[in-house]
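Enquirer:
Here it is as structure tokens:
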């Protein structure tokens, strides 16, 4: 496959994935801390990493942009701050963009909910739209940084070839129901799980049950669960999500990628009869290695 036609999602770890499609290369929520290092969450809170990333930051290819859901130490860490090119655009919340500019990332761009930004490459266009997300229940939300989900639309001559939705760190709330109304045909859904607990008192990311509800409501053709076991703050293991989607009859659309494993995406629209293939990494064919779709 020619480089301009490469279409894949590589799971690096936690909420960090490398997305290639239509000549664009994107990185999400860059987190390159190693096992045993601590991520800082604010208010003196930290959480220790349990795993190593599949890639080092120096192994990354040139990036067209970084999509950052919010400003927490397990999504934007000190390694990313020091190691990423300061000229790369970072598409994120308005609060995070202000902080990033103070760190020297002068092309950081903050979006409000439903606001979008376009990147262009020849006859290709990538539209990134900020989707609603809620990082904590009730008044506790004010204690955490604003967060956004992201809808990525890869287009050619105004035709959407691939639509991807990344949940960001969110709970399954009423606000999210507007997403499938606007985007009823999501090709790939990347869902942040983990049932993250703060102070052992309240949950701030979806657990397995909420994750299964998210799959049912968003109805993506393919689902990649991430953000579930890399840090001590996670309280809901991937097994919870697996059990819930199996009980709900949704398991056939889920791809469980090990760190370092890639999902190869079909080129074209979701209506094209093309194969999706999980390959590479330390757990090749973790759940499927045959074509899917």
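Numbering (the working numbering), first residue to last: 14 to 306. Idealized CB from N, CA, C, for every residue including glycine.
1. For residue 86, which of helix, strand or coil comes out of DSSP?
2. Would you kindly check if the distance between the Cβ of residue 66 and the Cβ of residue 272 is under 8 Å?
3. Determine, using beta carbons only, whether residue 208 and residue 257 come nearer to each other than 8 Å.
4. In this structure, does DSSP put residue 228 in helix, strand or coil?
5. I'd like the list of long-range same chain contacts for residue 96, defined as Cβ closer than 6 Å, with 5 residues on each side in sequence excluded.
6. Give the DSSP-derived three-state secondary structure of residue 179 in the structure shown.
7. Could you please give the first and the last residue of the uninterrupted alpha helix (DSSP H) stretch that includes residue 191?
8. Can you tell me the Cα-Cα spacing of residue 185 and residue 146, whole angstroms?
9. If we ignore side chains and look at the alpha-carbon of each, how far apart do residue 91 and residue 78 end up?
10. Which same chain residues, not among the five before or five after residue 37, have their C-beta less than 6 Å away from its C-beta?
11. Would you say the stretch 25-41 touches the stretch 129-138, given that touching needs at least three Cβ pairs under 8 Å?
12. Is residue 21 helix, strand or coil by DSSP?
13. Buried or exposed, going by whether 16 or more other CB atoms sit within 10 Å of the CB of residue 156?
14. Would you kindly work out how many angstroms separate the C-alpha atoms of residue 284 and residue 195, rounded to a whole number?
15. Any chance you could list the alpha helix (DSSP H) runs of at least 4 consecutive residues sitting entirely within the stretch 86-135, in chain order?
16. By the 10 Å Cβ neighbour count, where 16 or more other Cβ atoms means buried, how is residue 292 classified, buried or exposed?
17. What distance in whole Å lies between the Cβ atoms of residue 109 and residue 123, which are believed to be in contact at a cut-off of 8 Å?
18. Check whether the stretch 106-120 and the stretch 156-175 touch, using three or more Cβ-Cβ pairs below 8 Å as the test.
19. Are the Cβ atoms of residue 118 and residue 141 separated by less than 8 Å?
20. Can you round the beta-carbon distance between residue 148 and residue 183 to whole angstroms, since I take them to be within the 8 Å contact cut?
21. Could you tell me if residue 75 is buried or exposed, where buried requires 16 or more neighbouring beta carbons within 10 angstroms of its beta carbon?
22. Looking at residue 274: is its Cβ nearer than 8 Å to the Cβ of residue 45?
23. What did DSSP end up calling residue 252 once you bin it into helix, strand or coil?
Expert: Judging by the given coordinates:
1. Your numbering for residue 86 matches position 73 in the chain shown. In the structure shown, residue 86 sits in coil (DSSP, three-state: anything other than H, G, I, E or B).
2. For this step, residue 272 is matched to residue 259 along the chain shown. For this step, residue 66 is matched to residue 53 along the chain shown. Yes; because the gap between Cβ atoms is below 8 Å, this pair is in contact.
3. Taking the first residue of the chain shown as position 1, residue 208 is located at position 195. Taking the first residue of the chain shown as position 1, residue 257 is located at position 244. No. Outside cutoff.
4. Here the question's residue 228 lines up with position 215 in the chain shown. Three-state DSSP puts residue 228 in a helix.
5. The residue you call residue 96 lines up with position 83 of the chain shown. The residues are 70.
6. In the chain shown, residue 179 corresponds to position 166, counting from 1. In the structure shown, residue 179 sits in a strand (DSSP, three-state: E or B).
7. By one-based count along the chain shown, residue 191 stands at place 178. Start and end: 191-195.
8. Residue numbering aside, residue 185 sits at position 172 when the chain shown is read from its first letter. Residue numbering aside, residue 146 sits at position 133 when the chain shown is read from its first letter. Roughly 8 Å between the two C-alpha positions.
9. What you label residue 91 is simply residue 78 of the chain shown in a count that begins at 1. What you label residue 78 is simply residue 65 of the chain shown in a count that begins at 1. If I take the Cα positions, the gap works out to 18 Å.
10. Stepping through the chain shown from its first residue, residue 37 is reached at position 24. The residues are 77 and 139.
11. yes
12. Sequence index remark: in the chain shown, residue 21 carries index 8 (1-based). Correct three-state label for residue 21: strand.
13. Residue numbering aside, residue 156 sits at position 143 when the chain shown is read from its first letter. Classification for residue 156: exposed.
14. On the chain shown, position 271 is the one that residue 284 refers to. On the chain shown, position 182 is the one that residue 195 refers to. With a pLDDT of 42 at residue 284, under the threshold of 50, the predicted position of this residue should be treated as unreliable, and no value is reported.
15. 91-96 and 107-115
16. Counting from 1 along the chain shown, the entry for residue 292 is found at position 279. Looking at its Cβ environment, which holds fewer than 16 other Cβ atoms inside 10 Å, residue 292 is exposed.
17. Mapped onto the chain shown, residue 123 falls at position 110. Mapped onto the chain shown, residue 109 falls at position 96. With a Cβ gap of about 7 Å, residue 123 and residue 109 count as contacting.
18. yes
19. Here residue 118 corresponds to residue number 105 of the chain shown, with the count starting at 1. Here residue 141 corresponds to residue number 128 of the chain shown, with the count starting at 1. The answer is no: Cβ separation not under 8 Å.
20. Position 135 of the chain shown holds residue 148. Position 170 of the chain shown holds residue 183. Sure, about 6 Å apart at Cβ, within 8 Å.
21. In the chain shown, the residue the question calls residue 75 occupies position 62. Per the 10 Å Cβ criterion, exposed.
22. Stepping through the chain shown from its first residue, residue 274 is reached at position 261. Stepping through the chain shown from its first residue, residue 45 is reached at position 32. Result no, Cβ atoms of residue 274 and residue 45 do not sit closer than 8 Å.
23. Within the chain shown, residue 252 is the residue found at index 239, counting from 1. DSSP places residue 252 in helix when its eight states are reduced to three.
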